[in-house]
Each structure stands twice: as structure tokens, then as C-alpha cells.
Amino acid sequence: SYRELGVDFGTRSPDPVLEARIVWAEVYRRVYNKSIPKMKSIFKGFNKIFEEENLGSKDRVIFVVTFIQNIPYDRPGGVLDLFPPIGTLAYRFGDCDSKALLLYVILEKMNVDCAMLWSYKYKHAMLGVSVSGGGQFKSIKGKKYYFLETTYPGWQIGDLPPEFKNKRFWFIHEIDSNEKVAIDEDEELIEPDVDDSDRESRPSPAKP
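Heads up: the sequence shown begins at -13 in this note's numbering, then just goes up one per residue.
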């Protein structure tokens, strides 16, 4: 409930997009924070592989990204339609935001700055990674976060699927921060498309 999330609108917000942004930012933040202690053995497992394979920093990131992308895509179901990171690993499948959250937790542990990218219009979520490179990105607080599709293999950092290409419809949240929802530096005010904004009917993401 909103009360359990610590979100107080008094009454329902007249702006469904703003309401969704605030609620989902809090959901993602809480799932992220609660997941870190439960992932210690996973972090140790990855570190063991990195050492055995003598992987450098860049190759470690590529390894983890590829691992997450190859986890089969499927919807978790339930009230939130979302797995926590350890759940995605346990069940061996996950959807867009479940897999993005898993990668978020792991990469942050590897000192790669991340943010959640999600779209109310497209009913899709991706990870944002603050790395040097090219491609498509969103900016917040002076940082560029490059889009990273986690749902299927083959996507590179900076790739944005063409059917999700309008960046005005993407929001960015640094969920490892306790700050409230911030306005994107490159954000424009957009009227919601009521007929195409129901999160419950979120489509399957595109394959490369």
C-alpha cells in the first residue's frame, strides 16, 4: 500500500505519471536496499570467477552484463509483477525491471554507478550505467547514464531499442540514493497517453 511505502498523496494524485514515478521509485529503492545483504554469497561467487579467469575491470562488467542478459525473460506475476534480485536468480527467470534491479545491485558492488530507467508509456525498464562510451543516455545531476537493455542477449551499452527510442518518455531514478524523485536535466513535461499507459499490460521487450 502507499502507507507501507511511505508515500502520502492525501488523495489520489491527479497526475498518473507523477504518481507512478513516486511509487515505483520507492518500490525500486526498497527492493534494492533490502537485497544487498542477501546477495553477499553471489558477490563472492562472481569475485571467485573474476580471479580464476583473471578478468580486468572492463571484462568483469561485460561478463556480468552477459550473464544477466542470458537469464530467460518471463513475467513474475503477483501484485507488483517484480522479483527481488535474489528471486530472479533463484527462479532463473525475470522480466525487464527484475533483471535490471539484479544487474543494478551487482554493478554497484563493482563500483559502477547505476540508475533505473523506466517508461510509463512503453511499460518497460532498463538499466542506466555511468560509464565512458557512446550511444543513448539520460542525464541527471550532471551524470550521463547510458541505456542498457537487460532482457535479452546482444544489446550493448548505449543501445536503445527503436520502438522505445523517444527518450522524453523515459524517467531516471538513482535508487541507491535516499533522495526523492528528481527532475531529469533533459526531461520535458509530457501529457500521459491514457490509452497506452497501463502498466499491467506491459508488453514483452523487443529482441535485438
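Cβ coordinates follow ideal geometry from the N, Cα and C atoms, glycine included.
Query	Result
C-alpha distance - Ile57 paired with Ala76, whole-angstrom precision	11 Å
Alpha-carbon to alpha-carbon, Lys124 and Arg154	9 Å
Buried or exposed by the 16-neighbour rule on C-beta atoms within 10 Å, applied to Gly80	buried
From Leu89, Gln55, Ile48, Lys30, residue whose alpha carbon lies closest to that of Pro71	Leu89
Residues bridged to Tyr131 [DSSP beta-bridge criterion]	Lys124
Rounded distance between the beta-carbons of His159 and Ala101, thought under 8 Å	6 Å
Beta-carbon proximity list for Lys20, same chain, < 8 Å, skipping 5 on both sides	Pro70
Alpha helix (DSSP H) runs contained entirely in the region 7 to 49, provided each spans 4 or more residues	26 to 38
C-beta atoms of Val50 and Leu134 nearer than 8 Å	no
Contact set for Ile92: own chain, Cβ-Cβ below 6 Å, skip 5 residues either direction	Val50
Own chain, CB closer than 7 Å to Lys26, minus 5 neighbours either side, in chain order	none
Other residues of its chain near Asn40: CB distance less than 7 Å, five sequence neighbours each side excluded	none
Environment of Lys30 [buried if 16+ CB atoms lie within 10 Å]	exposed
Every unbroken alpha helix (DSSP H) within the region 55 to 81, with a cutoff of 4 residues, ordered by chain	71 to 77
One or two residues paired with Ile158 in a DSSP bridge	Leu103
Pro147 versus Gly121 - alpha carbon distance	12 Å
Assigned exposure category for Gly114 - 16 Cβ within 10 Å defines buried	buried
For Val98, three-class secondary structure by DSSP	coil
Close beta carbons around Glu173, own chain, < 7 Å, minus the five adjacent residues each side	With a pLDDT of 49 at Glu173, under the threshold of 50, the modelled position of that residue is not reliable, and no figure is offered here.
Residues that DSSP places opposite Val115 in a beta bridge	Cys100, Tyr132
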